[in-house]
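Residue numbers (this note's numbering): -1 to 239.
Step one of this worksheet: look at the structure below.
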């Protein structure tokens, strides 16, 4: 009982650290397609809310089942490496564009390194990440996708599955609006207002899309997929994706 309580407390504090914008998870290097959409004239300041909403729904429909499935694997299976890598292979197969897939691998690698350097010395369970990293490179010469790694890390830290999914959706919206600020679409005060105004939508999407397995993952924004795929063809860019 004491061990469970300690894990829960650790998870609570880890959640607040991970959601902090100063925590270097690598998300701020990516615009989730916003930079390409803006350069193509598809998004302006007046349509930013619509883009943020589309990105939120896409994240909930496509990535959230990966987060949930990886969290469930780690929670229910002490020897989870094989199952995590199997899920990761499925994730690779369902990505529809190379830019998003590459960005997912990059963010997954960044989160893995960060989790090991931050938590491994205090939380022995995090050593599982080393085994996952080693096997992933041995088999596929690739890393683990961000959504999969996010669920794994949160589960190992004792963050409950509900808050894990809620945090993932929040961070998606936060990163889009942070990118909008740096692209000068809106100022920081307006971005903060947009984020707060989206709270009812965030809750609605969370309640509708939570606790779904990877079989339920799908892309709900094909235009966003196409725009993301254009990113590495931009003449000038400040984001990786």
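Quick reminder that beta carbons are idealized off the backbone N, C-alpha and C, glycines included.
Here the structure is a predicted model, which is why all the values come from computation and not from measurement.
Looking at the secondary structure, which residues open and close the alpha helix (DSSP H) in which residue i lies?
i: residue 53; result: 46 to 56
i: residue 90; result: 79 to 92
i: residue 236; result: It is not in any alpha helix (DSSP H) - residue 236 carries neither H nor E in the DSSP assignment.
i: residue 226; result: 220 to 227
i: residue 217; result: Looking at the DSSP string, residue 217 is not in any alpha helix (DSSP H), and its letter there is neither H nor E.
i: residue 141; result: Segment: none, residue 141 is in no alpha helix (DSSP H) and carries neither H nor E.
i: residue 195; result: 186 to 195
i: residue 160; result: 159 to 180
i: residue 60; result: Element bounds for residue 60: n/a, residue is neither H nor E.
i: residue 125; result: Note, residue 125: premise wrong, no alpha helix (DSSP H); not H, not E.
i: residue 116; result: 96 to 117
i: residue 33; result: 32 to 37
Rounded C-beta distance between residue i and residue j? I'm assuming under 8 Å.
i: residue 174; j: residue 40; result: That belief does not hold up - the Cβ atoms of residue 174 and residue 40 are roughly 14 Å apart, past 8 Å.
i: residue 146; j: residue 86; result: 5 Å
i: residue 118; j: residue 83; result: Residue 118 to residue 83, Cβ: 20 Å. No contact.
i: residue 66; j: residue 151; result: The Cβ separation is near 14 Å, so there is no contact.
i: residue 215; j: residue 46; result: Incorrect: roughly 26 Å between the Cβ atoms, too far for contact.
i: residue 52; j: residue 153; result: Incorrect: roughly 29 Å between the Cβ atoms, too far for contact.
Short check: CB of residue i to CB of residue j, under 8 Å?
i: residue 171; j: residue 196; result: yes
i: residue 237; j: residue 33; result: yes
i: residue 200; j: residue 168; result: yes
i: residue 79; j: residue 23; result: no
i: residue 124; j: residue 113; result: yes
i: residue 43; j: residue 184; result: yes
i: residue 62; j: residue 207; result: yes
i: residue 102; j: residue 69; result: no
i: residue 59; j: residue 227; result: no
i: residue 230; j: residue 17; result: no
i: residue 30; j: residue 178; result: no
i: residue 57; j: residue 106; result: no
Who are the near neighbours of residue i in its chain, counting only those whose CB is closer than 7 Å to its CB and skipping five residues on each side?
i: residue 50; result: 171, 174, 175, 192, 196
i: residue 13; result: 157, 161, 165
i: residue 0; result: Because residue 0 carries a pLDDT of 37, less than 50, the predicted location of this residue cannot be relied on, and the following value inherits that uncertainty. Excluding sequence neighbours, residue 0 sits near nothing in its chain.
i: residue 35; result: 41, 49, 225
i: residue 27; result: 237, 238
i: residue 92; result: 215
Go through its chain and collect everything with a Cβ distance to residue i's Cβ below 6 Å, but skip five positions before and after it.
i: residue 55; result: 218
i: residue 15; result: 21
i: residue 186; result: 179
Quick one: what's got a C-beta closer than 8 Å to residue i's C-beta in the same chain, skipping five residues either side?
i: residue 204; result: 58, 163, 164, 167
i: residue 3; result: Since pLDDT at residue 3 reaches only 44, below the 50 mark, its modelled position is unreliable, and no value is offered.
i: residue 213; result: 63
i: residue 181; result: 29, 32, 33, 36, 236
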